[in-house]
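Colleague:
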Amino acid sequence: MRAAAAGVALVCWAGALSAQTMRPFGTFRQLHGESRLHARLDFAAGRLRVVAGRAGELYRMALAYDADRFVPLSSYDPARGAATLGVESVGGPGLRVVSRHQLEQDAVVELSPKADLALDVSLGAVDADLDLGGVRLSELRLEAGASRSVVRFSQPNPIRCRTADISAGAAEVSILKLGNSRCDQVRVEGGIGRMTLDFGGAWTGSERAELSLAVTELRLRLPRKVGIRITMDRLLARFDPNGLVRRGDAWVSPGYDQAAQHLDLVLTTTVGGVRIDWTD
Amino acid sequence: MRTARRFLLALGFIPAWAPAAHAAPRPLRDVSGVIETFRAFVVHQITQAPQKPKPATLGPAPAGGPTVDLGDLSQPEAVERAVRRAVPAPGPETQVTVPNGQARLGDFTIGSAETVTGHLLVLKGDANVYGRLLGNLVTVDGDVFVHPGGVVSGDILALRGDVKDEGGEIGGEVRTLSAPTRTGATVALSPLAAFGRNVAGVVGVFLTLLALGVGLVTFARPNLEVVSDTVSHSFGRSFMTGLVGQILILPTFGMLIVGLILSVAGILLLPFAVVVYVLLAILGVVGGYLSVAHAIGETYTRRRMAQGAALGSPNSYRYLVAGLTGLFVLWAAWAVFGWVPVAGEIVRAAAVLVTWLMATAGLGAALLSRAGVRESFAGRLIPPEALTDEYLWATPQFGVPAVRRPESGPGTRPGTRHDAGR
Numbered sequence: 324m325r326a327a328a329a330g331v332a333l334v335c336w337a338g339a340l341s342a343q344t345m346r347p348f349g350t351f352r353q354l355h356g357e358s359r360l361h362a363r364l365d366f367a368a369g370r371l372r373v374v375a376g377r378a379g380e381l382y383r384m385a386l387a388y389d390a391d392r393f394v395p396l397s398s399y400d401p402a403r404g405a406a407t408l409g410v411e412s413v414g415g416p417g418l419r420v421v422s423r424h425q426l427e428q429d430a431v432v433e434l435s436p437k438a439d440l441a442l443d444v445s446l447g448a449v450d451a452d453l454d455l456g457g458v459r460l461s462e463l464r465l466e467a468g469a470s471r472s473v474v475r476f477s478q479p480n481p482i483r484c485r486t487a488d489i490s491a492g493a494a495e496v497s498i499l500k501l502g503n504s505r506c507d508q509v510r511v512e513g514g515i516g517r518m519t520l521d522f523g524g525a526w527t528g529s530e531r532a533e534l535s536l537a538v539t540e541l542r543l544r545l546p547r548k549v550g551i552r553i554t555m556d557r558l559l560a561r562f563d564p565n566g567l568v569r570r571g572d573a574w575v576s577p578g579y580d581q582a583a584q585h586l587d588l589v590l591t592t593t594v595g596g597v598r599i600d601w602t603d
Numbered sequence: 007m008r009t010a011r012r013f014l015l016a017l018g019f020i021p022a023w024a025p026a027a028h029a030a031p032r033p034l035r036d037v038s039g040v041i042e043t044f045r046a047f048v049v050h051q052i053t054q055a056p057q058k059p060k061p062a063t064l065g066p067a068p069a070g071g072p073t074v075d076l077g078d079l080s081q082p083e084a085v086e087r088a089v090r091r092a093v094p095a096p097g098p099e100t101q102v103t104v105p106n107g108q109a110r111l112g113d114f115t116i117g118s119a120e121t122v123t124g125h126l127l128v129l130k131g132d133a134n135v136y137g138r139l140l141g142n143l144v145t146v147d148g149d150v151f152v153h154p155g156g157v158v159s160g161d162i163l164a165l166r167g168d169v170k171d172e173g174g175e176i177g178g179e180v181r182t183l184s185a186p187t188r189t190g191a192t193v194a195l196s197p198l199a200a201f202g203r204n205v206a207g208v209v210g211v212f213l214t215l216l217a218l219g220v221g222l223v224t225f226a227r228p229n230l231e232v233v234s235d236t237v238s239h240s241f242g243r244s245f246m247t248g249l250v251g252q253i254l255i256l257p258t259f260g261m262l263i264v265g266l267i268l269s270v271a272g273i274l275l276l277p278f279a280v281v282v283y284v285l286l287a288i289l290g291v292v293g294g295y296l297s298v299a300h301a302i303g304e305t306y307t308r309r310r311m312a313q314g315a316a317l318g319s320p321n322s323y324r325y326l327v328a329g330l331t332g333l334f335v336l337w338a339a340w341a342v343f344g345w346v347p348v349a350g351e352i353v354r355a356a357a358v359l360v361t362w363l364m365a366t367a368g369l370g371a372a373l374l375s376r377a378g379v380r381e382s383f384a385g386r387l388i389p390p391e392a393l394t395d396e397y398l399w400a401t402p403q404f405g406v407p408a409v410r411r412p413e414s415g416p417g418t419r420p421g422t423r424h425d426a427g428r
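Written out as C-alpha cells, the structure is:
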C-alpha cells in the first residue's frame, strides 16, 4: 500500500517537474548627463512594450523570461553610449520557437525622454507595441520577423529624426502617426503580410518614404492637409487611387502644389494591394 | 503533536468560511476581518522566512578555495551560478574569496562617512548604502537600499532581492534577478490528471461518434452501406479522391462565395450557402469516417463467422461498434500511455495519422458514391453478387466438391432448369 502511494506521489511529482517557469528580471540605469543613447532591443519571442521612461533614468526594463531557453540581455557600453536589452536564446542569436510557452515572455522597456535616441529593434515571434511618443528619436531601425508590431508616435518628436528603416518579414506591422515622427526619410521593406502606414500627426516639414513590398496588403492613411505624391511601380498589385490624380508617371493629391508640407512616396509592390484612406 | 494537527485543521477551515462572510452584514464582516487578521498572523508565524544570520565578515578562502569574481555582472545567471557553486550554504564559518573585494554575511551598512573600496558580496542580508562604495555590489537573498547621499560607483545585482534607489547615486547598471515563478497557465498536468483527462476525452468522442453512427444506421442505412462497400472495394481510389477533396475543399468554398457574390440574387443565399457547405463538409468527413468503421466492423465480423464463431445478429449496428472500437484502439493506448515521454507522442502521432487516413478514405468514398446514392460504383470492380450477404453463411460460392452441379448446356444460365420444357 505504501509502495503504491509512493508510486502515485512520484508520478505526480514528476508531472510537477515538467511545469513551465518564468523568471523575473529587472534592470535600469540612472541618467548621468548622457545626451545620446544608442539602444538595441533584441527580443526573440513574447510580448514587448516600449514607452518613454522616467526623466532620471537612461533606460529600464522589466522582463519575465523563459529561463530554460533564454537569457536576458542587459549591457551598456559607456564609451559608445550603447545599451543592449532584451532576451536571447540560450544557443545564441537567432530564433527557434519550440514551445508556445515562449510566447508568454513579457517585457516592458522604458527609454529616456532626455537623451537623443537611436533605436534599433530586432523582433522575432513577438507581439510588440512601441510607443515612441515622448522620446527624442534621432534614428529608428526595426526588423520584424514573424511579429505583429505596432509602432506609434503618440506625441510629436522633439527633435528631427534622420531615418526610419522598417523591415518586415511575415509580419503585420502598423505604424501610426508618422507625421509626429519628424523623420526626414522613411524606408519600408515588406515581405508577406499586412502593413498600415498612418502619416497623420503634427507635420513640421516634408518627408520622403520609400516602400518596397513583396506580397503585402498595404493600407496608407494620408492626411489631406499634406501634399501627397506617389510614384508607383507595381506588377500584380491592386491600386485604388481614391482621389489622387495622375500627373506624368505619378499620382498626386489635389492641391499638391499649394500644400506647405509634402510627402513623396516611392512605392514598389509586386503582389497584393494598396488601399488609400484619407484622414483629416 | 495532536494539538498542532487540530490547530492546522482549524486553520484550514478558516479560509473556507471567511469568503462567505464577505457578503454578510457588517458585524459579521468585522468578525471575519478579525479572523482574517488572526489567520494572517498565524500563517506568518508559521511560514515566515528564516531569521537572517548575524552580520559577519566572511574571510577569504585559502588558495584554490571557492572564489566569486564580481568584476562583470552583465550575465546575472552566470554570477548566480558562480555564487551558488562557491557558497552553497553560507554560514559564519564560510570562507570565500572575492577578487578585489570582500564578502559579508547578514545585513551590512556603509555609513555616510565611510568609503568601501572594491566589490562587495552580501549573503543573506540587506545592503544599506549611505556612504560610498567604489566597486560592484551583489546581494543574495537580500535587498539593496541606496539612500540619499549614498554612492555605488559600479553595477548592482540583487539575486532574489530588490534594489531600492532612494535618491542615491548609482554609477553603473542595476539588475535584479528574482526566483523563478511557475505560471498558472503553463503548469503541466500530472500523469494521473493527464490520464484522466485523456480517457474522458477519448470516451467522450467515442460515444459521440457512436451516437452519430447509430443515427446514421437508423435513418440512412442504405447510403451508409453503399459508402462502406465503396471503401471496402476501392480503398486506394477512395483515399486519393478524399485527398483531392481535402485539397479542393477551400478553393471550392471560395469559388462558391465569389460566384454567389457576383450574381445579384446569389448574395441573398450567401449565409445559407456557407452554412450548408460547412455542414456538408463535416457530414462528408464524419459520415465517411463512420462508413470506414462500418466497413472494418463488417470485414472483421464476416471473418469471425467464416471461422465458425457464433454471433448473435450480424447487422450494421454490430459492424459499427466493432469498427469504431478497432479504430479507437490507438486513441485508447494514447489515453493510457500519453504521459510517457516520447512514446506517448509517437502513439498520438500514429493515432492522428490513422484517423486522418480513415477519414480521408471515408470522405473519398462518400464523394465517389455521391453520399451513397450511386450504388453502381462499389459494384464496378466486382460483380453485384459479391455484395450480397450470401457468404455470411460461410458457404463457398464456387468449387464445392460435395455438390454436383447439374450439367448445363452452352448458353444456359446458372439456375436454369434442364428439364424445363420436357
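As they're listed, the protein sequences go chains A and B.
Per the working numbering, residue 324 is the first one in the first sequence, and the count goes up by one each step.
Per the working numbering, residue 7 is the first one in the second sequence, and the count goes up by one each step.
Virtual Cβ for every residue (Gly too), placed ideally from N, Cα, C.
Treat the numbers as computed from the prediction; the structure is a model and nothing was measured.
I want to verify the contact list: residues of chain B whose CB lies under 9 Å from the CB of A:Pro347, in sequence order.
Modeller: Thr182, Leu183, Ser184, Ala185, Pro186, Thr187
Colleague: Going along the region 240-254 of chain B in order, which residues come within less than 9 Å of chain A, judged by CB to CB distance?
Modeller: none
Colleague: For A:Val349, write down the residues that DSSP places opposite it in a beta bridge.
Modeller: The question names Val, but residue 349 of chain A in the sequence shown is Gly. For A:Gly349, which the question treats as bridged, DSSP gives the partners A:Ala385, B:Thr182.
Colleague: Give me the subset of the region 352-370 of chain A whose CB atoms are less than 9 Å from a CB atom of chain B, sorted by chain position.
Modeller: Those residues of the region 352-370 of chain A that come within reach of chain B (Cβ to Cβ, closer than 9 Å) are Arg352, Gln353, His355.
Colleague: Give a yes or no on whether 9 Å exceeds the smallest Cβ distance from A:Ser529 to chain B.
Modeller: no
Colleague: On the three-state DSSP scale, how would you describe B:Val284?
Modeller: helix
Colleague: With a 10 Å radius around its C-beta and 16 neighbouring C-beta atoms as the bar for buried, classify A:Pro395 as buried or exposed.
Modeller: buried
Colleague: Could you run through the region 82-103 of chain B and flag, in chain order, every residue whose CB is less than 8 Å away from some CB of chain A?
Modeller: Pro82, Glu83
Colleague: Output yes or no for whether 9 Å exceeds the beta carbon distance between B:Val205 and B:Val353.
Modeller: no
Colleague: Just the C-alpha distance for B:Thr361 and B:Leu369, rounded to the nearest angstrom, thanks.
Modeller: 12 Å
Colleague: DSSP three-state label for B:Glu304, please.
Modeller: helix
Colleague: Quick check: the Cα distance between B:Ala226 and B:His239, rounded to an integer number of angstroms?
Modeller: 20 Å
Colleague: Would you kindly report the start and end of the unbroken beta strand (DSSP E) that includes B:Asp235?
Modeller: Residue range 197-239 is occupied by the alpha helix (DSSP H) that includes B:Asp235, with no beta strand (DSSP E) assigned at that position.
Colleague: Give a yes or no on whether 9 Å exceeds the smallest Cβ distance from B:Gly178 to chain A.
Modeller: yes
Colleague: Using 10 angstroms around the beta-carbon of A:Gly379, count the other beta-carbons present and answer buried if the total reaches 16, otherwise exposed.
Modeller: exposed
Colleague: With 8 Å as the limit, tell me which residues of the region 391-406 of chain A have their beta carbon closer than that to any beta carbon of chain B; keep them in chain order.
Modeller: Answer set for the region 391-406 of chain A: Val394, Pro395, Ser397, Ser398, Tyr399.
Colleague: Do A:Gly404 and A:Arg359 have their C-beta atoms within less than 9 Å of each other?
Modeller: yes
Colleague: Which residues mark the beginning and the end of the beta strand (DSSP E) in which A:Tyr399 is found?
Modeller: 393-400
Colleague: How about B:Leu163 and B:Leu79: do their beta carbons lie closer than 9 Å?
Modeller: Result yes, Cβ atoms of B:Leu163 and B:Leu79 sit closer than 9 Å.
Colleague: How would you write the range of the alpha helix (DSSP H) that B:Gly370 sits in, first residue to last?
Modeller: 349-374
Colleague: To the nearest angstrom, report how far apart A:Arg505 and A:Asp488 are at their CA atoms.
Modeller: 14 Å
Colleague: To which residues of the same chain is B:Ile255 closer than 7 Å at the C-beta, ignoring the five residues directly before and after it?
Modeller: Ala287.
Colleague: Does any C-beta atom of chain B lie closer than 9 Å to the C-beta of A:Ala430?
Modeller: no
Colleague: Sort A:Lys500, A:Leu536, A:Ala402, A:Ser461 by Cα distance to A:Gly595 and report the nearest one.
Modeller: A:Leu536
Colleague: Should B:Val104 and B:Leu143 be called a contact, given that it needs their Cβ atoms to be closer than 9 Å?
Modeller: no
Colleague: Would you say A:Ala378 faces chain B, with C-beta separation under 9 Å as the test?
Modeller: no
Colleague: Helix, strand or coil: how does DSSP classify A:Leu541 here?
Modeller: strand
Colleague: Taking 9 Å as the threshold (C-beta atoms), are A:Arg471 and A:Val496 in contact?
Modeller: Yes, they are a contact pair.
Colleague: Tell me whether the beta-carbon of A:Gln478 lies closer than 9 Å to the beta-carbon of A:Trp526.
Modeller: no
Colleague: Any idea which residues DSSP pairs A:Ser497 with across the strands?
Modeller: A:Val473, A:Thr519
Colleague: Taking only the alpha-carbon atoms, compute the straight-line gap between A:Leu460 and A:Leu354 and give it to the nearest angstrom.
Modeller: 17 Å
Colleague: Please classify A:Ile482: does DSSP put it in a helix, a strand, or coil?
Modeller: coil
Colleague: Should B:Arg386 go down as buried or exposed, given a rule of 16 or more other Cβ atoms within 10 Å for buried?
Modeller: Because B:Arg386 carries a pLDDT of 45, less than 50, the predicted location of this residue cannot be relied on, and no value is offered for it.
Colleague: Give the secondary structure of B:Pro82 by DSSP, where H, G and I count as helix, E and B as strand, and everything else as coil.
Modeller: helix
Colleague: Once DSSP output is grouped into helix, strand and coil, what is the label at B:Thr192?
Modeller: Reliability fails at B:Thr192, whose pLDDT of 44 lies under 50, so the model's placement of it is uncertain and the value that follows must be treated cautiously. Correct three-state label for B:Thr192: helix.
Colleague: Counting beta carbon pairs with one atom in the region 117-124 of chain B and one in the region 85-102 of chain B, are three or more of them shorter than 8 Å?
Modeller: no
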